Structures are given as C-alpha cells and as structure tokens.
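In this text, residue positions in the sequence shown follow numbering that gives the first Met the number 0: the first is 0, and each later residue adds one. The structure under discussion appears below in the form of structure tokens.
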Amino acid sequence: MPVVSYTAGIIEWTQTEMKDLDRKTRKLLNMYGGLHPRADVHRLYLPRHHGGRGLKEVEATVTAESVGLDEYIRRMKDKEPLLQAAWQTKQQQQPEVVKKDEWKAGWARRYKSKWREKPLHGQYPQQVEEVTTTEMAYKWLSCTGLKIETEALITAAQDQALNTKSHQANIMKVTTDSKCRMCTETDETVNHLVAGCQKLAATEYLERHNKVAAALHLEICRHYGIPTAEQHPWLHRPETVNETDRVKILWDFEVRTDKVITARRPDIIVVDKQEKTAKIIDVAIPLDKNIRGKEAEKTQKYQDLKLEIQKLWDVKAEVIPIVIGALGAVSTSLERHLQRAPGEHDMRKLMKQAILGSAHILRRVLDLPGSG
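Shown next, in the form of structure tokens:
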C-alpha cells in the first residue's frame, strides 16, 4: 500500500486495476482464514473504531492521496510558479477541491451506511448501537489482540454469515430444516448458538462464564496478596473460600440467610474486614443487544441479598454487575463497575476471555476450521 499510495495522483490508476488488486487481497485473506467468504465487504475496509477490520482499500487510498495532493497544490500555488500552472489546469478539470480529511470522513460514513443498511449484515450494528456507544461496541477489535482467524470468525458471526442451519434454510435455500442441531427446538442462528441454546447452557456457556469470573477472582486475590496456584487467568481455578485476617473471598458460595431469598449465590463475594465492606460481584455474558438490560437485571436480582448481608454481617454492601456481550460488545458502565471491584482489572482480558469462549462454541458446534 505505501508503494501504491506513493504513485497516487501521478500514475493514472484505472478503476479495473484498483478493484482487481482489492479482489486479489480479499481472496488471499479468505484462503488463509482471515476473512469469511460471506462476511460484509464494506465492513472490511472501515476503521476498527467504527466496527471494521481496518484493511486499506486500494481505490480509497489512491483517491485520498490524490485529494491530498490537490489540497497541497492549492495551498502552495502562490509560492511556486509550476504549482500555479498545475493549479490552473486542475481548476479546469475539477473546479471544487475537497480537503483530504473531509474526504476520508465522508468515505467512512458512506461505507458504514452501506454496511448498516444491509438487511442481514446490518442487523448487528443497528441492534448493538442502541444499547451502547460505537466505541464500546467495537472496542475489542483494537485492544484484545486476537488471532486473525478468531477475529474473522467473530465478525462473520456478527454479520450472521456463518453456516448455521437457519442460514442454510432461509438464505442459501439448500435445506428445509432450520432447527438447532443441539436442542432441535429453536432455529439455529448465531444468536441462539452463542447465548440461547439450553443444551449448551450447563457446559459451554458455564465454562465461558467461569473463565471470565476466574479472571476477576485472580486479580482480587492478587490485590489482597493471596497466593494462587496459577498466575494465568485461563488456568486459575478459584477455591470456594479464601480468607486472611483482612479479607474473605467467596467463590460461587450460597449465603445462608434468615429469610428466604432466591438469588443468594453470586459468583464472587469480597468481604473486607478492615473497611467493613462487602462486594457482591456477578458475571453475565448475554447477547450483545441485551447487555444494558442484563446489567440492570443483575443489580436488581441481588438487592435482597445485599440488604440481608448488611444486616447479618454488619458491613456496607454493594452489587457490582460485570456484563460482557457474547460477541464482544460492552456497555459504557463496565469500566466504572470494574473500578468498584477490588484489584486492577483489565477490561481487555475479560473481553478476550468472553470472545474466545464464544469462538470455541461456534467452532465446536458448526465444525468450523481455525485456531483456538
């Protein structure tokens, strides 16, 4: 791309040549697992903070450099006679000159609009951007460091482009059976597989959930100086009770209460004996479009337990919901919730654990190729 952009405005690239280079690039990405064959093409070239993959498009790069060259000639025309002559010629061919930054911003808006307007690929951005900001919806694309195969799988899942039975029946029209191969009760869509199948709930969903919760538990133990057998979040196996003179950390522990309370087994309870506080931490990995509602649900769910703990243990308690979308989106509140939990928690690690768990589920169920 640096070689191509260097020639922009000097060599006359044809539309056919530029499109052919982009097509060859996509073909190579597809061959090596970096791009799903049915993933959205416009999204591939969008910047990552807009939800794209960040690939440079030849046509857009050449045009942007040409626009930048025109802008330079306009700015410097009064200082150089040759540039003055070039400017006069340019004015005859193209009277209006656009700034490079404005052109690039307009190009990104057009591509994002094309992506969002598609009936299938556009469902995810329309849904997720109603419950969180664009930055938080696609933050995982620029900070988790996933392998290109995993990134391609998750973006294709967001685009509803994977070879699910619903896709085969309703889009490809190669079968009439759209029911989930695991539960045989509901249509097998991406959303159903990552967060709605009852057959996967007690195994795959639980394992994904526990890995995110274990990463939180490990940082809490480190904060209080409690030694653990493993220093890596993906290997950490929390003990039911960790206790020192300063703190008691409970993992998946059912609290005994004086009155009947349905929700009394959160993922983690941290009781700081010195500060006389209790942190009730519960993790959820729902569909991305449900992250905001799930945060409110978790907070409300443990209010009775919070009041009971305050009365029984004589501490000031609070509920901390940690919610990460199954395909990577997080709410604007997540960072604030993590700051309330003891320890230095890295949002990127938690997002990565959740996404890797979803990728494992999709590969296992759909028998997709790629690295783990």
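By construction, the Cβ of each residue, glycine as well, lies at the ideal position given by its N, Cα and C atoms. Keep in mind it's a predicted model, so treat the numbers as computed, not measured.
Skipping 5 residues on each side, what residues in its chain have a beta carbon closer than 8 Å to that of residue i?
i, result
"His-35", "Asn-29, Ala-151, Leu-152, Thr-154, Ala-155, Asp-158, Ala-160 and Leu-161"
"Arg-47", "Gly-53, Tyr-137, Leu-140 and Ser-141"
"Ala-262", "Lys-300, Tyr-301, Asp-303 and Leu-304"
"Arg-236", "Ala-213, Ala-228 and Glu-229"
Indicate the three-state DSSP secondary structure (helix, strand or coil) for residue i in the structure shown.
i, result
"Ala-61", "This sequence places Val at residue 61; Ala is not what is there. Val-61: helix per DSSP, three-state reduction."
"Lys-247", "strand"
"Val-282", "strand"
"Ala-156", "helix"
"Glu-317", "strand"
"Asp-303", "helix"
"Asn-209", "helix"
"Ala-328", "coil"
"Val-130", "coil"
"Ile-308", "helix"
"Ile-323", "strand"
"Glu-187", "coil"
"Glu-11", "coil"
"Glu-238", "coil"
"Asp-271", "strand"
"Ala-340", "coil"
"Ala-104", "helix"
"Ala-277", "strand"
"Lys-26", "helix"
"Lys-99", "helix"
"Lys-178", "strand"
"Asn-289", "helix"
"Leu-119", "coil"
"Glu-296", "helix"
Can you give the Cα-Cα distance for residue i and residue j, rounded to whole angstroms?
i, j, result
"Ala-85", "Ile-10", "15 Å"
"Leu-68", "Glu-56", "18 Å"
"Ala-277", "His-336", "14 Å"
"Gln-197", "Cys-179", "11 Å"
"Val-246", "Lys-315", "14 Å"
"Asp-287", "Gly-356", "14 Å"
"Val-2", "Glu-128", "37 Å"
"His-216", "Val-173", "47 Å"
"Tyr-223", "His-344", "13 Å"
"Lys-210", "Trp-233", "6 Å"
"Asn-190", "Ser-165", "11 Å"
"Ile-170", "Asp-176", "12 Å"
"Leu-311", "Thr-298", "20 Å"
"Ala-104", "Lys-23", "26 Å"
"Glu-76", "Leu-82", "Sequence inspection shows Lys at residue 76; the Glu mentioned does not correspond to that position. Rounded to whole angstroms, Lys-76 to Leu-82 spans 5 Å at the Cα level."
"Cys-182", "Leu-192", "10 Å"
"Ile-382", "Trp-12", "Given that the chain is displayed from residue 0 to residue 371, the structure contains no residue 382 and the question cannot be resolved."
"Glu-101", "Tyr-5", "20 Å"
Excluding sequence positions up to five away, which residues of its chain have a Cβ less than 7 Å from the Cβ of residue i?
i, result
"Met-0", "Lys-55 and Thr-60"
"Leu-367", "Summary for Leu-367: the model assigns pLDDT 48, below 50, so the residue's position carries little reliability; its value from the coordinates is reported in the next sentence. Leu-152 and Leu-361."
"Val-97", "Val-66"
"Leu-20", "Val-57"
"Trp-139", "Gly-327, Met-350 and Ile-354"
"Asp-51", "According to the sequence as given, residue 51 is Gly; it is not Asp. Counting only Cβ-Cβ distances below 7 Å, and skipping sequence neighbours, we find Arg-42, Leu-43, Tyr-44 and Leu-45."
"Ala-358", "Thr-149, Leu-152 and Ile-153"
"Gly-8", "Glu-64, Ser-65 and Leu-68"
"Gln-125", "Arg-115"
Measuring alpha carbon to alpha carbon, tell me which residue in the options is nearest residue i.
i, options, result
"Cys-142", "Arg-263, Leu-349, Arg-362 and Leu-81", "Leu-349"
"Leu-249", "Gly-324, Leu-355, Thr-132 and Val-240", "Val-240"
"Pro-285", "Leu-205, Thr-6, Pro-341 and Arg-25", "Leu-205"
"Ile-225", "Pro-232, Gln-167 and Glu-242", "Glu-242"
"Met-135", "Asp-176, Tyr-5, Gly-324 and Leu-119", "Gly-324"
"Val-318", "Leu-333, Lys-310 and Gln-302", "Gln-302"
"Glu-294", "Arg-264, Trp-102, Gly-105 and Leu-333", "Leu-333"
"Gln-352", "Glu-307, Ile-308 and Ala-283", "Ala-283"
"Pro-265", "Glu-70, Ile-308 and Trp-114", "Ile-308"
"Val-329", "Thr-132, Glu-274 and Arg-339", "Thr-132"
"Gln-273", "Asp-251, Asp-313, Gly-292 and Arg-291", "Asp-313"
Answer with buried or exposed for residue i, where buried requires no fewer than 16 other C-beta atoms within 10 angstroms of its C-beta.
i, result
"Tyr-31", "exposed"
"Leu-304", "buried"
"Ser-112", "exposed"
"Arg-363", "exposed"
"Met-346", "buried"
"Thr-331", "exposed"
"Val-259", "exposed"
"Glu-187", "buried"
"Glu-79", "exposed"
"Asp-244", "exposed"
"Ala-201", "exposed"
Would you say residue i touches the ligand COA, meaning its beta carbon is less than 7 Å from a heavy atom?
i, result
"Glu-116", "In the structure on display, the ligand COA does not appear, and there are no ligands present to speak of."
Looking only at its chain, what residues have a beta carbon closer than 6 Å to the beta carbon of residue i, apart from the 5 residues adjacent to it on each side?
i, result
"Asp-271", "Val-246"
"Leu-119", "Gln-159"
"Gly-195", "none"
Taking 8 Å as the threshold (beta carbon to beta carbon), is residue i in contact with chain D?
i, result
"Asp-244", "Of the protein chains in this structure there is only one, and it is not chain D."
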